[in-house]
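One structure below.
Protein chains: 2
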Amino acid sequence: MIHFSRGIPPREAIPTEAITRLTRRVLDTEADRLFQYPPIGKYAGDPDLRRELAAFHGTEAERIFVTNGSLQALDLLAGHLVHPGDVVYVEAPTYDRAVQIFERHGAKVVGVPLEHDGLDVAALAQLVAAHVPAFVYTIPDFQNPSGVTMNDSKRRELVRLAAEYEFTVIEDIPYRELRYTGTASASLAELDLDNRVVTVGSLSKVLSPGLRIGYVIADPALVTDLAGQAEGVYLSPSPLSQAIGARCLAEGLVQSNVADLRRLMAPRLSAAVDAVREQLGEILVAAPEGGYYLTVHLPVANDEATFLADARAVGVVLTRGSAFYPDGSMPPQGTIFLRLPFQAMEPEEFAAGIGRLASLIA
Amino acid sequence: MIHFSRGIPPREAIPTEAITRLTRRVLDTEADRLFQYPPIGKYAGDPDLRRELAAFHGTEAERIFVTNGSLQALDLLAGHLVHPGDVVYVEAPTYDRAVQIFERHGAKVVGVPLEHDGLDVAALAQLVAAHVPAFVYTIPDFQNPSGVTMNDSKRRELVRLAAEYEFTVIEDIPYRELRYTGTASASLAELDLDNRVVTVGSLSKVLSPGLRIGYVIADPALVTDLAGQAEGVYLSPSPLSQAIGARCLAEGLVQSNVADLRRLMAPRLSAAVDAVREQLGEILVAAPEGGYYLTVHLPVANDEATFLADARAVGVVLTRGSAFYPDGSMPPQGTIFLRLPFQAMEPEEFAAGIGRLASLIA
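Taken in sequence, the protein lines are chains V and F.
Going by my numbering, the residue at position 126 of the first sequence is 123; the numbering climbs one at a time, nothing skipped.
Going by my numbering, the residue at position 151 of the second sequence is 148; the numbering climbs one at a time, nothing skipped.
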């Protein structure tokens, strides 16, 4: 079976030996504090980790709030920002777990079309004029699931709308550092006009998912509020994980691993794009320059469930693309949305999987 | 200043060197899987840790669900069990953070008087006859904040009521193993008549708070539900922390540390009881045989805030006892409730603190 399914880093993307070596050094020097409760009282995270994350992002430590993974950050943010009856606008498609979190907190989640160069900001402008949301949630870089990156002018227009209509923008940037070619746009936080952007980040894709280190970059007042909320839910993230994350950043391991990932992934991305174009035609949703995902709008004769069953019968496991569309929004008529993660596959395997899919629509 | 405040283990109660040694062995043998995502799909915890916790409690691994600390377990349980308008009965006084969690999930939290030998089960019987709760929350062993342990007949009556009226009992047992004298009663889970008891445990007080390992022991169906819920909030607890916890249990470190804690704490408890009786008279709420807390109903001339300020002026820091009383319930008239944690103090320091308090009521 060829698996075009979960978006997790392949084994070779995690610098296990180097993390282990630094973990041993953390144990040598900091063991006394790691197995005790951290000091509480609106605890926003290990001071070393907050300082290192701030340096990594060119901001101040007091703007960093550390969580048990970035999903937990979204959960706490939703708890803080969503009130009964609130609307939240998201990209359609978007990260399904985020939608579930916002809905669990009582939000009405509305999908805004995603184009090849990012959120349809003109459509968003009409929506916010009619109903100001609790927040807009976006993954502006190498989006999950689509692989789309938001272009510069849309970024500027989004933060302008946020300032005009006074809503929060949550930018979730787990893949931002994973740019294999081209030049990065400014982040939404860098363009922020009115302290409206809250950034959610993670060490899962640039260092290690097992450390379970997510974080929020926000106004210090919001950091303090989130810290109070977190203390009432789980007291604190693991001191050991945080110390390991801090050490890996301080020693440059995250930075060198990102460089390694660029070398590892660039040929995979390039080969994957070629394989799709050659075997499926010009149906890519976008031509990503990084991240984990290629996506296509695949013309199919039957429905999605039938296609996925047919694909499995020829040895290809796919994720149900419709699951990424909130609130009844849909891919273009006559097509299904397929996410094709390329990060964990050698070019030959990826091409073979695409070949099998091609055989189904021939 | 003498601090009768936080209930955290003293440094000498955490076997830091031994945990560090076992952590190094975990890194030697399991590093490959520790820094990756654990397998998901209703992930209830690391299989080794579930098996070791099950053995520790004499139950089956499929009944174990691992969380980021036991507060997170209470949060997920409340999310599962509480529906709008539900009542939850708790001991008065009880653990304040638990009350906050239940209220955040929409429960109306009602305090039931706590006696020297546990929850007033007769009062509870009247309450449940009038209004069946979503659940009853109890800390039956060396309760936080009171130090009270529920006696056998009350335990039997509580599980009988749960079976008759078909409500869940959450027994939170962080201190249960910390018995320094006397004989343990059966746990509520052991007495359970009708699969109504859910146990919440933690490695924080028997091994290390920094590992942030809490757990639930429950019916496998509930474990699966909680796992699905947790996956949508934080994906999984730290694989490394879980592997360390599993290794410490497998190597007998938790068990030997509990034995060490008994030797460490027994004289502290005994001296603390003596100090209170000699200097404050017969005002102990209970004569605990374990745990962290002595408590008193202290007769005061003024109100609690005045007394706490007076205490601080003579060098004693206290926790506000009224904060442990939910829903307007109160300690006996003319008294304030004082929690006096003895676990982190040498007998001389504890006695000196009690002496300063005695000087205020002389």
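In this text, a Cβ means the ideal position worked out from N, Cα and C, and glycines have one as well.
Those residues which DSSP pairs with residue i across a bridge
i       : result
T146(F) : Note: T146(F) sits in no beta bridge, so no partner.
E59(F)  : Paired residues: none, contrary to the question.
N192(F) : DSSP output for N192(F) lists no bridge partner at all.
V156(F) : DSSP output for V156(F) lists no bridge partner at all.
E315(F) : According to the sequence as given, residue 315(F) is Leu; it is not Glu. DSSP lists F1(F) as partners of L315(F).
A89(F)  : P110(F)
N299(F) : Note: N299(F) sits in no beta bridge, so no partner.
E49(V)  : Per DSSP, none; premise fails for E49(V).
Y40(F)  : According to DSSP, Y40(F) bridges with nothing at all.
K373(F) : Only positions -2 to 359 of chain F appear in the structure, and residue 373(F) is not among them; the question remains open.
A338(F) : Per the sequence shown, the amino acid found at residue 338(F) is Pro instead of Ala. Y290(F), per the DSSP bridge assignment.
D169(F) : V197(F)
I214(V) : I61(V) and T196(V)
I333(V) : L295(V)
V133(V) : Y86(V) and V166(V)
R176(V) : G287(V)
G115(V) : E112(V)
L281(V) : V293(V)
Pairwise C-alpha distance: residue j and residue i
i       : j       : result
A308(V) : G108(V) : 28 Å
A272(V) : G179(V) : 20 Å
P344(F) : V203(F) : 21 Å
F334(F) : Y34(F)  : 46 Å
Y231(V) : S67(F)  : 8 Å
G352(V) : E279(V) : 15 Å
A41(F)  : N65(F)  : 12 Å
Y92(V)  : M262(V) : 22 Å
P323(F) : P338(F) : 21 Å
H128(V) : V118(V) : 15 Å
F53(F)  : L246(F) : 8 Å
L360(F) : A15(F)  : For chain F, the structure presents residues -2 to 359; residue 360(F) sits outside this window and is missing.
A186(V) : N192(V) : 8 Å
G4(V)   : Q340(V) : 8 Å
A183(F) : A75(V)  : 42 Å
A104(F) : I358(F) : 39 Å
P162(F) : T56(F)  : Looking at the sequence itself, residue 162(F) is Tyr, so the reference to Pro does not match. Each residue's alpha carbon lies about 26 Å from the other.
V197(F) : P44(F)  : 18 Å
A181(F) : E275(F) : 28 Å
R94(V)  : S143(V) : 15 Å
P36(V)  : S233(V) : 9 Å
M147(V) : A10(V)  : 25 Å
G325(F) : V106(F) : 11 Å
P130(V) : D29(F)  : 43 Å
Cβ distance (whole Å) where residue i is taken to contact residue j below 8 Å
i       : j       : result
S199(V) : I210(V) : 7 Å
L24(F)  : R244(F) : In fact, because the Cβ distance is near 10 Å, the residues do not count as touching under 8 Å.
L121(V) : L158(V) : 7 Å
F321(F) : P6(F)   : Wrong, their Cβ atoms sit about 20 Å apart, outside the cutoff.
G350(V) : L46(V)  : 39 Å between Cβ atoms; not a contact.
P296(V) : G331(V) : 6 Å
F99(F)  : V125(F) : With 8 Å as the limit, F99(F) and V125(F) do not qualify as a contact, their Cβ atoms being about 16 Å apart.
L188(V) : R153(V) : 6 Å
V282(F) : V145(F) : 7 Å
Exercise. Assess, as a yes-or-no matter, whether the region 235 to 246 of chain V is touched by the region 304 to 319 of chain V under the definition of 3 or more beta carbon pairs within less than 8 Å.
Key: No contact exists between the region 304 to 319 of chain V and the region 235 to 246 of chain V.
Quiz item: Can we say the region 163 to 175 of chain V touches the region 127 to 145 of chain V, given the rule of at least three CB pairs closer than 8 Å?
Solution: Result yes; three or more Cβ-Cβ pairs closer than 8 Å.
Quiz item: Does the region 63 to 75 of chain F come close enough to the region 287 to 297 of chain F that 3 or more CB-CB pairs lie under 8 Å?
Solution: Because the criterion of three Cβ pairs below 8 Å is not met, the region 287 to 297 of chain F and the region 63 to 75 of chain F do not touch.
Self-check item: Contact set between the region 17 to 48 of chain V and chain F, restricted to residues whose Cβ is under 7 Å from the partner
Solution: Contacts with chain F (Cβ-Cβ distance below 7 Å) from the region 17 to 48 of chain V involve T17, T20, R21, L24, A28, D29, L31, F32, Q33 and Y34, listed in chain order.
Quiz item: Going along the chain, which residues of the region 69 to 82 of chain F sit with their C-beta nearer than 8 Å to a C-beta in chain V?
Solution: Listed by position along the chain: Q69 and D72.
Practice problem: Would you check if there are 3 or more beta carbon pairs closer than 8 Å linking the region 85 to 93 of chain F to the region 248 to 260 of chain V? | Solution: No, they do not touch.
Quiz prompt | Cβ-based contacts, 9 Å cut-off: residues of the region 92 to 105 of chain F near chain V | solution = Answer in chain order: R94, Q97, I98 and R101.
Quiz prompt | Interface residues of the region 196 to 211 of chain F facing chain V [CB-CB below 7 Å] | solution = Within the region 196 to 211 of chain F, the qualifying residues are S205, P206, G207, L208 and R209.
Quiz prompt | Touching by the beta-carbon criterion (3+ pairs, under 8 Å), the region 103 to 122 of chain F and the region 50 to 63 of chain F | solution = The answer is no - the region 50 to 63 of chain F does not touch the region 103 to 122 of chain F, with fewer than three Cβ pairs under 8 Å.
Exercise. Tell me, please, whether the region 216 to 231 of chain F touches the region 259 to 271 of chain F by the rule of three or more beta-carbon pairs shorter than 8 Å.
Key: Verdict: no, contact absent.
Quiz item: Mind listing which residues of the region 235 to 254 of chain V have their C-beta closer than 9 Å to chain F's C-betas, in chain order?
Solution: Within the region 235 to 254 of chain V, the residues whose Cβ lies closer than 9 Å to some Cβ of chain F are S235, P236, L237, S238 and I241, listed in chain order.
Practice problem: Residues of the region 285 to 304 of chain F with a CB closer than 7 Å to any CB of chain V: list them in chain order, please. | Solution: So the list is empty, because no residue satisfies the distance condition.
Exercise. Could you list the residues in the region 57 to 68 of chain F with a C-beta less than 7 Å from some C-beta on chain V, going in chain order?
Key: Here the close residues are N65, G66 and L68.
Exercise. With 8 Å as the limit, tell me which residues of the region 216 to 235 of chain F have their beta carbon closer than that to any beta carbon of chain V; keep them in chain order.
Key: Residues G229, V230, Y231, L232, S233, P234 and S235.
Exercise. Could you run through the region 135 to 167 of chain F and flag, in chain order, every residue whose CB is less than 8 Å away from some CB of chain V?
Key: Along the region 135 to 167 of chain F, none of the residues has a CB nearer than 8 Å to a CB of chain V.
Practice problem: Closer than 9 Å, Cβ to Cβ, to anything on chain F: give me those residues from the region -2 to 17 of chain V, in chain order. | Solution: In summary, the residues of the region -2 to 17 of chain V whose CB is separated from some CB of chain F by less than 9 Å are R3, I5, P6, R8, I11, P12, T13, E14, I16 and T17, in the order they occur in the chain.
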